[in-house]
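Beneath this line is the structure, given in structure tokens, with notes to follow.
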Amino acid sequence: MADHDIRVLDETQVRAAHTLFRGSLHTAPAPDEKWEQVKGTYEPGRTLGAFQDDELVGTAQSWAAGRLAVPGGDVPLAAVSRVGVRTDWTRRGVLSALMRRQLRSFQEAGEITATLRASESTIYGRFGYGVASRGRGVKIDRYRAALLPSPGTGGRIRLVDKDTALTLAPRIYEAAGLTRPGATSRWPAWWQLNLPRAFDENGKLAVHRGPDGDDGFVVYEVKSSSPSGHGNWVLTVLDLVAATPQVWAELWRFVFRVDVVDEVVGDLRPLDEPLEWLFADRRVVKVTEVEDETWLRLVDVPAALAARAYGRAEPVVIGVRDRYLPENDGTYRVTPDGAERTDRPADLALDVDLLASTYLGDVPFSTLAAAGRVDVLDHTALPRADALFGTSQSPWAGTFF
Ligand SMILES: CC(=O)SCCNC(=O)CCNC(=O)[C@H](O)C(C)(C)COP(=O)(O)OP(=O)(O)OC[C@H]1O[C@@H](n2cnc3c(N)ncnc32)[C@H](O)[C@@H]1OP(=O)(O)O
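Each residue of the sequence shown is one higher than the one before, starting from 1 at the first, in the numbering used here.
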């Protein structure tokens with residue numbers, strides 16, 4: 001039995017949790033001035049502490065993150081962050097106890113999904129989180145990058161200051177909508193933490209204005225690859241939001257017009273972003289890496305499966321195993337018209353973290369089966385499951401936290 005207990009922290013205790021979290025990632029405590037900026041980003045009642053007697057030894061917090069776009073709809077989402085266990089208390093079940101309690105609190109709040117970004121990919125699978133979207137790093141040599149002619153949008157792009165950005169960007173994001181599976185709402189603390197940070201590091205935000213008003217923006221920074229300033233000047237696209245594909249293209253075209261830049265890069269961009277198609281020579285776009293983006297937990301499996309749309313194929317019965325939330329255990333019949341619990345025997349069976357990896361369409365069941373990660377009880381079920389769960393767009397969140 002664990003010799004620690006889990007409590008919800010009050011506002012007098014969250015600074016200690018913040019310090020513990022930073023320490024677990026080898027970072028110094030936030031100075032007073034920084035803490036003043038950060039403390040409001042802890043949502044009341046959503047920070048957990050693990051205590052040994054009265055000493056805080058671990059923490060995990062979350063935000064009510066709004067909605068997660070799933071194929072054909074959206075579902076309530078919690079976002080988990082600032083997870084840490086004091087170095088002298090690791091591997092004694094502290095995180096396991098925190099996760100167990102946190103998952104229960106999501107159930108109570110009706111948050112049928114939860115998401116996080118993982119510091120290490122070996123931590124969260126056991127708690128039922130699976131990689132549900134990935135992103136690619138891209139690098140483009142600006143001097144070789146000849147953009148194909150474009151009719152443009154007839155709009156105009158302008159740089160805005162920090163205060164204007166803080167007002168405009170959330171509105172533009174919300175108006176653009178959750179345009180692909182994996183996209184999420186951006187909660188107030190996300191904006192509070194991320195946009196000022198970009199400006200503090202000399203980032204810029206450029207807004208596109210079309211005939212109907214502001215309808216997209218790009219956040220970018222330009223840095224020299226060498227401290228002397230004699231290295232390559234690299235423009236990094238940090239965030240790009242567009243209401244239409246035309247605005248998307250116009251914002252990318254804009255960053256290629258920024259002077260004194262040798263290279264344009266982007267991290268965790270959508271796998272199917274059609275960047276190559278903007279250029280006369282598609283090989284100017286170099287893919288530098290492909291990394292996991294969304295770690296997704298289906299907290300309420302029946303509700304999550306029922307909430308998404310499916311492709312056209314004969315039905316399949318999927319068996320789900322969930323060590324942390326056993327009420328999700330069982331078999332589910334998935335058809336083009338929806339999904340519900342069934343007593344029929346499973347065609348395919350898998351753990352709940354792997355179900356999350358298939359849920360937004362990122363990984364076909366047949367890929368997991370080829371790696372031996374799915375129990376295949378009926379081989380004819382694999383193409384059916386692939387067709388039911390497959391999506392035309394790669395899932396992608398585009399919201400890092
Ligand atoms: C969303 C975010 O905030 S990501 C940031 C996460 N935080 C960090 O990376 C900070 C540094 N690391 C830590 O603070 C801790 O090591 C944590 C939080 C990752 C793990 O906390 P612990 O209390 O040690 O985890 P706990 O003891 O409950 O481990 C449960 C299981 O996970 C395994 N595990 C835990 N952390 C890791 C890891 N980093 N790598 C591999 N396995 C791990 C344990 O071995 C254990 O396995 P078992 O059940 O087979 O015995």
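For each residue, glycine too, the CB sits at the ideal point set by N, CA and C.
Here the structure is a predicted model, which means the values were calculated and not measured.
For S96, does the three-state DSSP call read helix, strand or coil?
helix
Looking only at its own chain, which residues have a Cβ that is under 6 angstroms from the Cβ of R373, when we skip the five neighbours before and after it?
Answer for R373: L354, listed in chain order.
For a quick check, are the C-beta atoms of I140 and E263 less than 8 angstroms apart?
yes
Taking 7 angstroms as the cut-off, is the beta-carbon of L95 closer than that to any non-hydrogen atom of ligand 1?
yes
Would you call D138 buried or exposed, if buried means 16 or more other Cβ atoms sit within 10 Å of its Cβ?
Looking at the sequence itself, residue 138 is Val, so the reference to Asp does not match. Buried: at least 16 other Cβ atoms inside 10 Å.
What are the boundary residues of the beta strand (DSSP E) that L67 is part of?
Here residue 67 turns out to be Arg, not Leu, going by the sequence shown. Counting along the chain, the beta strand (DSSP E) containing R67 begins and ends at E55 to V70.
Using CA coordinates, which residue listed in P336, T380 and V80 is at the minimum distance from G390?
P336
Would you kindly check if the distance between the Cβ of R136 and the Cβ of V287 is under 8 angstroms?
yes
Pull up the distance between the alpha-carbon of L298 and that of N194, whole angstroms please.
26 angstroms
Buried or exposed for Y359, please, with buried defined as at least 16 other CB atoms from any protein chain shown within 10 angstroms of its CB.
buried
What separation, rounded to the nearest whole angstrom, lies between the Cα atoms of T179 and E55?
Here the alpha carbons of E55 and T179 stand approximately 45 angstroms from one another.
Under the three-state reduction of DSSP, which class applies to P326: helix, strand or coil?
helix
In terms of residues, what are the limits of the beta strand (DSSP E) holding H230?
Bounds of any beta strand (DSSP E) do not take in H230, whose DSSP letter is neither H nor E.
Is Q192 helix, strand or coil when you go by DSSP?
helix
Nearest to A97 by alpha carbon, out of H4, P170 and F21?
H4
Flag this pair as yes or no: are the beta carbons of V255 and L275 separated by less than 8 angstroms?
no
How should W252 be labelled, buried or exposed, when 16 other C-beta atoms within 10 angstroms of its C-beta is the threshold for buried?
buried
Only counting runs of 4 or more residues, tell me where the alpha helix (DSSP H) segments fall wholly within the stretch 122-164, in order along the chain.
none
Could you tell me which residues DSSP puts in a beta bridge with S81?
Q61
Check whether the Cβ of G120 lies closer than 7 angstroms to any heavy atom of ligand 1, and answer yes or no.
It is worth fixing the name first, because residue 120 is Glu in this sequence and not Gly. Flag set: Cβ of E120 near ligand 1.
Can you grab the Cα-Cα spacing for the pair V376 / V8, in whole Å?
Straight-line measurement puts the Cα of V8 at about 42 angstroms from the Cα of V376.
Could you tell me the alpha carbon to alpha carbon distance between L348 and V320, rounded to whole angstroms?
9 angstroms
Please indicate yes or no: does the CB of L68 lie closer than 7 angstroms to some heavy atom of ligand 1?
L68: no, Cβ never under 7 angstroms from ligand 1.
At what residues does the alpha helix (DSSP H) containing H18 begin and finish?
That run of the alpha helix (DSSP H) goes V14 to S24.
Out of T113, S366, D161 and V85, state which residue places its alpha-carbon closest to the alpha-carbon of A79.
T113
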